[in-house]
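Engineer: Chains C and Y, in that order, are what the protein sequence lines are. Counting along the first sequence from 1, when you hit position 71 you're at 82 in our numbering, and nothing is skipped either side. Counting along the second sequence from 1, when you hit position 425 you're at 436 in our numbering, and nothing is skipped either side. Here it is, the structure, as structure tokens.
Protein chains: 2
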Amino acid sequence: MYIIDEKSKTPLYIQLYNEIKNDIIKNYKKSDKLPSTRKIASLYNLSKNTVKTAYSQLEVEGYIKSCPQSAFVVTDTINLNFSKNPSFKNLSTIINTPKETKKYLYNFFPACLEKDSFPLKIWKKIFNKVIDNSLDFGKYPCGEGEFGLRVEISKYLNHYRAVKCDAEQIIVYSGFVDSMGLIARILKKDYHIFASENPGYYLGQQVFDDYGYKIEKISIDKNGLNIDNLKKSNAKLVYITPSHQYPTGVLMPINNRQKLLKWANDENGLIIEDDYDSELRYSSRPIPSLQGLDLNDRVIFLGTFSKSLSPALRISYIVLPNHLLPLYKKCFDAGISRVPLVMQKTLEYFMKEGHWDRHLRKIRTLNQKKHNLMKKLLIEKLGSTMKIENQGGGLAISINPKPKFDWDLLKELSEKNKIKVYFAKNFTGGEWQALVMGFGGLKENEIEDAINIFSKIWKICILE
Amino acid sequence: MYIIDEKSKTPLYIQLYNEIKNDIIKNYKKSDKLPSTRKIASLYNLSKNTVKTAYSQLEVEGYIKSCPQSAFVVTDTINLNFSKNPSFKNLSTIINTPKETKKYLYNFFPACLEKDSFPLKIWKKIFNKVIDNSLDFGKYPCGEGEFGLRVEISKYLNHYRAVKCDAEQIIVYSGFVDSMGLIARILKKDYHIFASENPGYYLGQQVFDDYGYKIEKISIDKNGLNIDNLKKSNAKLVYITPSHQYPTGVLMPINNRQKLLKWANDENGLIIEDDYDSELRYSSRPIPSLQGLDLNDRVIFLGTFSKSLSPALRISYIVLPNHLLPLYKKCFDAGISRVPLVMQKTLEYFMKEGHWDRHLRKIRTLNQKKHNLMKKLLIEKLGSTMKIENQGGGLAISINPKPKFDWDLLKELSEKNKIKVYFAKNFTGGEWQALVMGFGGLKENEIEDAINIFSKIWKICILE
């Protein structure tokens with residue numbers, strides 16, 4: 012008995028189709044004959060057409076097939092409820108993870124910006140200007156990114172980062188992991204070892220590890236990457252953060268940069284320069300890029316808008332040396348941009364109209380103030396019990412305790428007091444430890460209170 | 012002699028810093044002494060502070076170091092102009108690829124939509140509603156995607172695609188390649204062979220190939236994937252397009268779906284169901300998903316907004332079985348969304364307010380009309396010289412010539428007549444050939460003219 016509700020919003024033929032389908036699954040066997048469309052129509056007071064449409068959908072999906080004399084038979088016995096295979100791990104584990112809703116009083120996350128620092132009004136205004144009929148939402152955006160945006164990025168890089176490049180060398184991507192993924196893909200055939208700083212940012216290593224590269228960790232000293240150890244590693248490809256080493260903050264001086272470029276030239280090597288937050292430098296001018304010193308096309312340059320504009324935009328970029336462009340173009344996914352067209356266009360005009368310029372100055376001043384305030388407070392409150400490991404740039408100050416210290420207690424007490432703290436080890440996956448005290452997401456007037464609470468916890472954790 | 016321009020916008024200390032830096036690179040050797048700051052100040056009529064700031068930047072970057080009696084010496088001989096290594100391939104090939112600006116009269120691209128079909132006004136209105144202070148541009152968006160959007164996608168999938176899932180199972184991604192990349196990463200440890208349809212979509216294979224999977228191509232027959240051949244392949248992971256096979260258009264009937272699900276259950280297998288354009292079905296209702304038939308959590312379901320809303324938005328989604336969620340959460344880049352926050356929010360409200368629903372009906376009707384018109388015209392103009400390989404859904408009709416045919420001439424004449432045509436082989440990388448005649452990007456009133464020109468070319472290419 013099929014239940015057909017004439018008052019339902021669902022069309023009658025769909026109701027009938029569903030009822031018959033369930034009936035077939037539960038009660039029919041292969042080659043069983045279905046009632047004729049005429050019979051169903053008269054039985055349920057439906058038009059013959061309604062029944063025919065339902066039967067034809069069942070036929071399209073392969074439940075039934077038509078036979079001579081317009082009869083329909085079931086194609087096969089449909090039993091989807093197989094006994095479960097017990098060896099399939101976790102199979103029936105339904106995960107009910109309620110969303111983590113823990114609210115922190117203060118969060119020292121080292122890679123976020125103050126909510127109010129995003130130029131919301133200007134962004135909105137530009138968006139409304141660019142979203143018109145000139146944008147083609149019917150097409151895939153250009154693989155490398157919109158040319159106009161690439162021009163703006165290249166101008167910015169020329170001027171602010173001393174990067175030597177044309178717009179043609181810029182590929183717009185949706186963040187660091189995606190950028191690194193592309194590089195891993197295009198270099199796979201020619202490079203097999205990925206050298207990375209130790210300590211260094213773990214995400215880069217993970218991307219290359221996933222693509223089957225052997226990972227070599229090269230030690231960091233006061234001059235940044237140790238080039239002698241790099242030579243010993245046999246790697247021909249190295250990932251570095253020369254202008255603000257992650258996580259130590261070491262700046263690679265000119266003579267070590269020169270040595271590294273010479274290594275690349277002698278060894279047919281390639282250098283991936285990650286310039287992640289170099290606009291944010293507070294005690295000197297930003298350090299000109301390594302790429303700009305390179306006369307032999309050995310440097311792939313990576314940048315992002317996440318640290319100075321907004322991580323919520325998901326826009327990054329790669330500058331490829333000219334000789335890698337053919338490899339990029341051969342890459343199977345080169346034609347496919349990850350970044351929504353309208354985001355690209357908005358950013359393009361944001362840069363073109365000078366807002367990016369002004370924003371950079373604003374965001375640098377804002378974060379410099381917060382940096383200096385946090386540094387002052389940390390020195391005041393923790394004094395000689397603390398050693399500053401990394402300061403003067405970016406969105407965090409890294410510190411370590413000088414006396415013996417109960418790290419577990421620090422974690423426990425921070426959670427209890429609703430203070431979220433971060434540890435360098437979690438970002439580097441190595442042995443190098445420090446507390447990474449982010450100020451980017453805190454307002455100036457919150458920093459004092461946050462450090463007050465933090466310093467009380469800190470003092471309890473000192474063991475000597 | 013340094014050139015300092017007092018009228019320039021560039022601060023004096025930066026001009027001086029640049030001049031001295033170039034001087035050091037060109038003319039200085041290790042341990043050479045620099046003129047005192049006092050001397051430079053008086054020589055160029057600059058304040059002593061200006062000179063000190065320039066020197067201090069040079070010191071930060073490692074060009075000079077300070078010695079007793081406030082003298083500065085050069086740290087090292089800086090010579091960046093190494094002789095180029097001749098074995099570095101393509102090194103000095105500067106690629107000057109002028110942007111391809113060729114304009115086609117008609118473009119039969121099979122994966123685009125009519126420009127005017129995008130709901131620009133509504134999108135703009137919703138964007139302006141959602142972009143306010145409730146959005147935090149200072150933070151990375153939630154890795155899985157915004158929960159509200161995931162709820163809307165799950166409701167849509169439940170209702171329209173008979174997919175059984177909760178919002179927690181939805182991961183929002185930035186397109187097919189990215190979605191497949193995530194799956195390749197999380198399954199890498201447990202699966203090593205990737206089975207794919209033959210003919211089938213080449214991009215899926217490429218992603219898995221890049222992650223080191225062995226690729227097994229499984230033949231397609233009139234029931235879709237040949238399950239017996241799948242069994243022989245020893246693969247435990249298979250990628251399929253069951254509702255509209257790419258590129259043949261074959262619909263996998265219920266008994267083959269059942270066989271496939273039984274295979275997955277018996278073999279601890281997993282099925283990746285790509286539902287890429289199943290909303291666009293013109294001769295019957297959309298076919299309910301394979302995922303919805305599966306009672307044993309064997310199906311990973313992929314969908315996209317590129318085929319029905321806009322490829323320029325770059326939004327896709329994955330539905331993971333519950334037992335794979337822990338693997339996803341362990342994945343190193345699980346915390347990092349690729350999709351801009353404001354795009355997610357706009358789409359969420361677009362769906363929530365019923366626009367997606369209305370848009371789907373509109374876009375289906377629009378493309379159905381164009382599909383039927385193109386089919387009618389192809390039959391009229393090419394008649395018995397043509398065999399239709401794939402029709403009734405999506406954004407293209409695939410055809411093959413019945414008589415002997417000069418394919419090269421077709422390419423040549425199409426280009427000459429500014430008609431862009433597409434070949435199935437280019438999307439499948441295999442032997443299966445057809446002309447893929449996309450109508451998605453053409454307006455209804457353009458189709459007749461486009462097919463007129465095309466049919467004239469076609470006739471010239473017939474060899475018998």
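Just so you know, even glycine gets a beta-carbon here, dropped at the ideal spot from N, CA and C. Here the structure is a predicted model, which is why all the values come from computation and not from measurement.
#1: Closest to L331(Y) by C-alpha separation, out of I181(Y), E17(Y), M263(Y), Q269(Y), would be which residue?
#2: Secondary structure at T259(C), three-state DSSP: helix, strand or coil?
#3: Within the 8 Å Cβ cut-off, does G154(Y) reach chain C?
#4: Can you list, in chain order, the residues of its chain whose CB lies under 7 Å from that of S466(C), leaving out five sequence neighbours each side?
#5: Can you have a look at M397(Y) and say buried or exposed, based on whether 16 or more other CB atoms are within 10 angstroms of its CB?
#6: Assess, as a yes-or-no matter, whether the stretch 241–256 of chain C is touched by the stretch 241–259 of chain Y under the definition of 3 or more beta carbon pairs within less than 8 Å.
#7: Do N428(Y) and I464(Y) come within 8 Å of each other at the CB atom, strictly closer than that value?
#8: Suppose you measure from the CA of E442(Y) to the CA of P210(Y); what does that come to, to the nearest Å?
#9: What is the DSSP secondary structure of E208(C), reduced to helix, strand or coil?
#10: Quick check on D308(Y): buried or exposed, where buried means 16 or more other Cβ atoms within 10 Å of its Cβ?
#11: How far does the alpha helix (DSSP H) with T61(Y) in it extend, from its first residue to its last?
#12: Can you give me the C-alpha to C-alpha distance between C123(Y) and A65(Y), rounded to a whole angstrom?
#13: Tell me which same chain residues have a C-beta within less than 6 Å of the C-beta of G260(C), skipping the five on either side of it?
#14: With DSSP collapsed to three states, give me the class of G192(C).
#15: In whole angstroms, what is the alpha-carbon distance linking K470(C) and K387(C)?
#16: Buried or exposed for E359(Y), going by 16 or more other Cβ atoms inside 10 Å?
#17: Can you tell me whether DSSP reads N144(C) as helix, strand or coil?
#18: Please report whether the beta-carbon of L102(Y) lies at a distance below 8 Å from any beta-carbon of chain C.
#19: How would you list, in chain order, the residues of chain Y whose beta-carbon sits under 8 Å from the beta-carbon of Q68(C)?
#20: Taking 8 Å as the cut-off, decide whether the C-beta atoms of V162(Y) and M191(Y) are in contact.
#21: How close, in whole Å, do the beta carbons of G186(Y) and R325(Y) come, if the pair is a contact with beta carbons under 8 Å?
#22: Excluding five sequence neighbours on each side, which residues of the same chain lie with their C-beta closer than 8 Å to the C-beta of P109(C)?
#23: Output, in chain order, the set of chain Y residues within a Cβ distance shorter than 9 Å of T86(C).
#24: Would you kindly check if the distance between the Cβ of G452(C) and the Cβ of E125(C) is under 8 Å?
#25: Let's see if you can read the secondary structure: which residues bound the alpha helix (DSSP H) around Y339(Y)?
#26: Return the chain-ordered list of same chain residues with a C-beta closer than 7 Å to the C-beta of Y24(Y), the five sequence neighbours on each side being excluded.
#27: What is the C-beta distance between L54(C) and L27(C), in whole angstroms, given that I count them as a contact (C-beta under 8 Å)?
#28: By the 10 Å Cβ neighbour count, where 16 or more other Cβ atoms means buried, how is M362(Y) classified, buried or exposed?
#29: What number of angstroms, rounded off, separates the C-alpha of K135(C) from the C-alpha of A323(Y)?
#30: Just to confirm my understanding: we take L421(C), look at its own chain, exclude 5 residues before and 5 after, and list those with CB closer than 6 Å. What are they?
#31: Classify M4(C) as buried or exposed, calling it buried when 16 or more other Cβ atoms lie within 10 Å of its own Cβ.
#32: Which residues in chain C sit within 8 Å of C123(Y), going by Cβ to Cβ distance?
#33: What would DSSP say about R161(Y), mapped onto helix, strand or coil?
#34: By DSSP, does M448(Y) sit in helix, in strand, or in coil?
#35: Restricting to Cα atoms, I'd like to know which of I408(Y), H370(Y), S145(Y), L301(Y) is closest to F316(Y).
#36: In chain order, what residues of the same chain have a beta carbon less than 8 Å from the beta carbon of K482(Y), not counting five sequence neighbours either side?
Structural biologist: Let me spell this out:
#1: I181(Y)
#2: coil
#3: no
#4: K392, L393
#5: buried
#6: no
#7: yes
#8: 7 Å
#9: strand
#10: buried
#11: 59–71
#12: 55 Å
#13: N401
#14: helix
#15: 17 Å
#16: buried
#17: coil
#18: The pLDDT assigned to L102(Y) is 41, lower than 50, so where the model puts this residue is not dependable, and the model offers no usable value.
#19: S295, R296
#20: no
#21: 5 Å
#22: Model confidence at P109(C) stands at a pLDDT of 45, short of 50, so the residue's coordinates are unreliable; what they give is reported in the following sentence. Excluding sequence neighbours, P109(C) sits near nothing in its chain.
#23: P264, I265, N266
#24: yes
#25: 336–341
#26: T61, T64, A65
#27: Contact doesn't hold; Cβ gap of about 11 Å is too wide.
#28: buried
#29: 19 Å
#30: C472
#31: No answer is possible for residue 4(C): the residues shown for chain C start at 12 and end at 475.
#32: G149, K150, Y151
#33: helix
#34: strand
#35: H370(Y)
#36: Absent from the structure is residue 482(Y), since the part of chain Y shown begins at 12 and ends at 475.
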